[in-house]
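A.B. asks:
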Amino acid sequence: MANVLDSLWKISANVAEAGLLAMDATLKTAQSSLGSLVGQSAPAAPTSPPLTGPRDIDSAVSEFANRMARILRYSILDRKDYTGAAEEVIASARHCFSFIDFSDPKNAMVPAQLPLSFATLMTQQGLRALASFDVVGAERYPRFVVDVAEMFTEIQYFVSVQYPQLVQRYKERLQAVPGDTRARIELARIQIKCGLYDEAIANLQIAAKDPGFYAWAMHEMAVAQFRGGRYADALRSADAALAAKPDNQRIRLWLWHCAQKAGGYPDTVPPERRMTVKAGYAKPSVVFEDIAAKVGLDKTSAGRGLAVFDYNNDGHLDVLISAAHAGCSLFRNNGDGTFTDVSIGSGIDNCVNGFVVAVGDYNNDGFQDVYITRLGFYLGEGELWRNNGDGTFTNVTEQAGLKCWGPHFVATWADYDNDGFLDLFITNNLGGMFDRKTHNLLFHNNGDGTFTEVSEKAGLKTIWPTIGACWGDYNNDGLPDLFLSNAMGRSQLYRNNGDGTFTDVSEEAGIDGFSIGSTSFWFDFNNDGWLDIVQFQWSDHEDMAYTMEHGEGPPDGRPAKLYRNNGDGTFTDVGREVGLNGCWGTMSGNAGDFNNDGWLDLVFGNGSPRMDRVEPPILHEFDGQRFRNVSFAAGMPFTGKGHGGNFADLMGDGRLCMLMASGGAYPGDLLTTGVFQPKELPGNYINIRLTGTKSNRDAIGARLCLEAGGRKQYREIGGGTNFGCLPFEQHFGLGNIANIEALEIRWPSGLRQRLESLPVNKTIRIVEGSQHWEGVYKHEWTQVAAD
161 MANVLDSLWK
171 ISANVAEAGL
181 LAMDATLKTA
191 QSSLGSLVGQ
201 SAPAAPTSPP
211 LTGPRDIDSA
221 VSEFANRMAR
231 ILRYSILDRK
241 DYTGAAEEVI
251 ASARHCFSFI
261 DFSDPKNAMV
271 PAQLPLSFAT
281 LMTQQGLRAL
291 ASFDVVGAER
301 YPRFVVDVAE
311 MFTEIQYFVS
321 VQYPQLVQRY
331 KERLQAVPGD
341 TRARIELARI
351 QIKCGLYDEA
361 IANLQIAAKD
371 PGFYAWAMHE
381 MAVAQFRGGR
391 YADALRSADA
401 ALAAKPDNQR
411 IRLWLWHCAQ
421 KAGGYPDTVP
431 PERRMTVKAG
441 YAKPSVVFED
451 IAAKVGLDKT
461 SAGRGLAVFD
471 YNNDGHLDVL
481 ISAAHAGCSL
491 FRNNGDGTFT
501 DVSIGSGIDN
511 CVNGFVVAVG
521 DYNNDGFQDV
531 YITRLGFYLG
541 EGELWRNNGD
551 GTFTNVTEQA
561 GLKCWGPHFV
571 ATWADYDNDG
581 FLDLFITNNL
591 GGMFDRKTHN
601 LLFHNNGDGT
611 FTEVSEKAGL
621 KTIWPTIGAC
631 WGDYNNDGLP
641 DLFLSNAMGR
651 SQLYRNNGDG
661 TFTDVSEEAG
671 IDGFSIGSTS
681 FWFDFNNDGW
691 LDIVQFQWSD
701 HEDMAYTMEH
711 GEGPPDGRPA
721 KLYRNNGDGT
731 FTDVGREVGL
741 NGCWGTMSGN
751 AGDFNNDGWL
761 DLVFGNGSPR
771 MDRVEPPILH
781 EFDGQRFRNV
791 SFAAGMPFTG
801 KGHGGNFADL
811 MGDGRLCMLM
821 ASGGAYPGDL
831 LTTGVFQPKE
841 LPGNYINIRL
851 TGTKSNRDAI
861 GARLCLEAGG
871 RKQYREIGGG
881 TNFGCLPFEQ
891 HFGLGNIANI
901 EALEIRWPSG
911 LRQRLESLPV
921 NKTIRIVEGS
931 QHWEGVYKHE
941 WTQVAAD
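Okay, so the sequence shown: first residue is 161 according to this note's numbering, each after it adds one.
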């Protein structure tokens, strides 16, 4: 019966989707035709913030709807006659539609165009609702809508640093109506997000006296106390909240977090309110220790992107961390196991509210440059920072032709036409609760330091908000293809046609189902020579709690997808089959062989904007058959909110470190970067760096095949896929293998090389076209001809 109902829903959803798409196209055509009658030109994509307000009808309608959502949420703070809310509505209308000059004949059709614009906004909202309902399901959907609405209606106050005014509005409400307990708890929640924990606790103590709000108030009090380091108090508050709401899994999980910080459950907590965690205790082959403080990388911030690259060409891997509510931090590797913060004076510290970091030598001058998206979920300007070669960076966004405005999430480099110059792809997410889809951007590198936007010409179109994007040659034809992980929509795979255009092959590839996708990346998990895809998914808070307790997600949960490449142009999701069965709020992740056994392992950086969701990073060891969650047994922390998850051999000794830039959306959600290093070298290895000559200098897109011990391992050099930008250095674990038979390289230029008798336990560099390798570090400064 369940299968029948599922089939009926899918048929109904497909019919509804087709109807909404047809309606959207018809309405847009009608609106455009009316504009054409009076000589209106199509609005140009904005390249800078619209400080004076929207400049076209669709943007104005979307902005007005966003403002109305905020006004509706906070109308509770108004006086009984709601005059304040009415004044806000009028002011919003003036701001959004003031650009319309009705004395201009070109605006004669605006009265007819406005309802059409509102209608197209509703069709897009309907498509997103359809996709998200298909993924989330009826039971979880109300919680999902509440979480999304809360985030999008309040975040503008924090991004624009207007939260003091929001706090003041709540205080004025409570002065007028002291008994408004809901408003008091909401004030406390805002104070927690601002880091004002003591003030929040004071308000929650008053709110807890209201029997109808007791459990909610005590839970929020436990959050404030935990955040303020008062773990014993937090445990008592969480226990009281759970006693009042024994079926609330969020409270139960928070009580467990408090118990871990307080040294365990006290005797006063009865067994039925305790939780035994099963996830994360598979036996590890490697145990880690956090060395961040010891090496000088313990950056406390609202961490976002984390990139590992050699910015000063001294051979040592350096670290760049972007952050919300702050500038970027650049750490120079001193070569002695420590790092120095060299942000001040580097120029790149002026990039504020950075999000995803993508490294790539766009001008082939030998110094790696950086593109940084900003704000991510919300509207902002990305920035290109040129490496000057002297330890400083210059913002060259405008002169490079990359100035644009939108909800830029991921940026990723690839030489999609193999002309030797790196091109840039930027995804655009939602921006606002009622924003329309902003087109994703493909910038072609002109080879002279400038770029040209060619996404429409290339055929890269999507109606869905896009979070993740990653380049990878899935069909082994030597051309990078593009996978899009769309939020509240269908995933998409674009095949590179080799002529500057792409074809959407999502349906025939079998990856076009609805998803609430997060970031994604390519890797060859089974070493069969065909690139596979990891796509992270939205997961409900309760599903994460279920995973912690049961060791796997609920049967109807949404774990990460692992699309195995079948080698015939199609993919099969084998995630659950190979052990990726946990439901996490994964925002970033990467692959690396941290136990040096020849199989790529995974790290997930997890969390959500909610202040009471502090998910641990998850480590999955792969043994060639299954992934095993070894997180806590391997020494990972019980809490976190990870973004820039990364693997890198920071010390050049074969021990692959896991780095995690951490922190949340709010200024009160600052966390410290973690650097987790294996306590011992787990096996032999080789690190390989490539330098392109005819290919792009970073050799992004190069394919490597290492033959050792009768096995083959495959890697493809990527140009960034999510918050963690991996180093271009390729790490191969060898276990107890002491000899490497051969390394085959397929360069983006098409050149194929085979080098034999490479060394073990070294970091080497190979230049395109040369049959020599050289050691990277001083103690390895030898140049040897490969057999």
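By construction, the Cβ of each residue, glycine as well, lies at the ideal position given by its N, Cα and C atoms.
(1) Is the separation between the beta-carbon of Ala705 and that of Arg410 shorter than 8 Å?
(2) Compare the Cα-Cα distances from Gln284 to each of Cys256, Pro625, Lys854, Glu901 and report the closest residue.
(3) Based on the DSSP output, what are the partners of Asp761 in its beta bridges?
(4) Would a C-beta distance cut-off of 8 Å place Leu639 and Asn578 closer than the cut-off?
(5) Just to confirm before moving on: does the CB-CB distance between Gly879 and Trp690 stay below 8 Å?
(6) Using the Cα positions of Asp124 and Glu712, report the straight-line distance between them to the nearest angstrom.
(7) List the residues that DSSP assigns as beta-bridge partners of Tyr845.
(8) Given Thr572, which residues of its chain have a CB within under 7 Å of its CB, disregarding the five upstream and five downstream residues?
(9) Pull up the CB-CB distance for Thr851 and Arg788, whole angstroms please, since I reckon it's below 8 Å.
(10) Sort out for me which residues DSSP pairs Pro838 with in a bridge.
(11) Tell me the start and end of each unbroken beta strand (DSSP E) in the stretch 433 to 480 that is at least 3 residues and wholly inside, in chain order.
(12) Would you check if the distance between the CB atom of Asn847 and the CB atom of Glu889 is smaller than 8 Å?
(13) Do three or more CB pairs link the stretch 509 to 529 to the stretch 862 to 875 at distances below 8 Å?
(14) So, using beta-carbon positions, are Asp672 and Ser666 closer together than 8 Å?
(15) Is there contact between the stretch 796 to 814 and the stretch 760 to 767, where contact requires at least three CB pairs shorter than 8 Å?
(16) Is Gly795 helix, strand or coil when you go by DSSP?
(17) Assuming contact is defined by CB atoms lying nearer than 8 Å, are Gly784 and Cys743 in contact in what I supplied?
(18) Please classify Cys418: does DSSP put it in a helix, a strand, or coil?
(19) Would you please state the rounded distance, in angstroms, between the beta carbons of Leu894 and Gly758? I believe it to be under 8 Å.
(20) Based on DSSP bridge pairs, tell me the residues matched to His780.
(21) How is Asn600 classed by DSSP in three states: helix, strand or coil?
(22) Report the residue from Phe553, Ile627, Arg786 whose alpha carbon sits nearest the alpha carbon of Val516.
(23) Would Asp700 be called buried (16 or more neighbouring beta carbons within 10 Å of its own) or exposed?
(24) Quick check: what's the CA-CA separation for Phe969 versus Val319?
(25) Can you tell me the Cα-Cα spacing of Leu232 and Ala225, whole angstroms?
(26) Can you tell me whether DSSP reads Gly542 as helix, strand or coil?
(27) What does the alpha-carbon distance come out to for the pair Gln365 and Met381?
(28) Count the other C-beta atoms from every protein chain shown that fall within 10 angstroms of the C-beta of Ile532, then say buried if there are 16 or more, exposed otherwise.
(29) Could you give the distance in angstroms between the alpha-carbon of Asp858 and the alpha-carbon of Arg914?
(30) Measure the Cβ-Cβ separation of Phe674 and Val295 and say whether it is below 8 Å.
(31) When the Cα atoms are used, what is the spatial distance from Pro338 to Ile345?
(32) On the three-state DSSP scale, how would you describe Gly179?
(33) Excluding the 5 residues flanking Gly526 on each side, which residues of the same chain have their C-beta closer than 8 Å to its C-beta?
(34) When you compare the CB positions of Gly814 and Phe448, do they come within less than 8 Å of one another, or not?
(35) To the nearest angstrom, how far is it from the Cα of Leu740 to the Cα of Met648?
(36) Restricting to Cα atoms, I'd like to know which of Gly823, Val835, Lys597 is closest to Ala462.
C.D. replies: Result, derived from the coordinates:
(1) Cβ atoms of Ala705 and Arg410: closer than 8 Å.
(2) Of the listed residues, the one whose Cα sits closest to Gln284 is Pro625.
(3) Bridge partners of Asp761: Gly752.
(4) Between Leu639 and Asn578, the C-beta gap is smaller than 8 Å, which places the two residues in contact.
(5) Cβ atoms of Gly879 and Trp690: not closer than 8 Å.
(6) Within the shown structure, residues of the chain are numbered from 161 to 947, placing residue 124 beyond reach of any answer.
(7) Answer is Gly893.
(8) Correct list, in chain order: Ala518, Phe585, Ala629, Cys630, Trp631, Gly879, Gly880, Thr881.
(9) Between Thr851 and Arg788 a beta carbon distance of about 37 Å is seen, past the 8 Å cut, so the two are scored as non-contacting.
(10) Listed as beta-bridge partners of Pro838 by DSSP are Phe448.
(11) Counting whole runs of 3 or more residues, the stretch 433 to 480 contains the beta strand (DSSP E) stretches 448 to 450, 460 to 469.
(12) Contact: yes.
(13) The stretch 509 to 529 makes no contact with the stretch 862 to 875, as fewer than three CB pairs between them are under 8 Å.
(14) In this structure, Ser666 lies closer than 8 Å to Asp672 by Cβ.
(15) In this structure the stretch 796 to 814 lies against the stretch 760 to 767, because at least three pairs of beta carbons, one per stretch, are closer than 8 Å.
(16) Note: Gly795 maps to coil in three-state DSSP.
(17) Gly784 is not a Cβ neighbour of Cys743, given a cutoff of 8 Å.
(18) Residue state, collapsed to three classes: helix.
(19) Right, their Cβ atoms sit about 7 Å apart.
(20) According to DSSP, which records beta bridges pairwise, His780 is partnered with Leu762, Asn789.
(21) Three-state result, Asn600: coil.
(22) With distances taken between Cα atoms, Val516 lies closest to Ile627.
(23) In this structure Asp700 is buried. Its beta-carbon is surrounded by 16 or more other beta-carbon atoms within 10 angstroms.
(24) With the chain covering only 161 through 947, there is no way to say anything about residue 969.
(25) Using only the alpha carbons, I get a separation of about 10 Å.
(26) Coil.
(27) C-alpha separation (whole angstroms): 8 Å.
(28) With a 10 Å radius around the Cβ and a threshold of 16 neighbouring Cβ atoms, Ile532 comes out buried.
(29) Between the alpha carbons of Asp858 and Arg914 lies a distance of about 19 Å.
(30) Yes, they are a contact pair.
(31) Their backbone Cα atoms lie some 12 Å apart in a straight line.
(32) Gly179 falls in the helix class under three-state DSSP.
(33) Listed in chain order, the non-local C-beta contacts of Gly526 below 8 Å within the same chain comprise Asn473, Gly549, Arg857, local neighbours out to five positions each way being set aside.
(34) In terms of Cβ geometry, Gly814 and Phe448 do not form a close pair [threshold 8 Å].
(35) So the alpha carbons of these two residues sit roughly 22 Å apart.
(36) Looking at the Cα atoms, Gly823 is the closest of the given residues.
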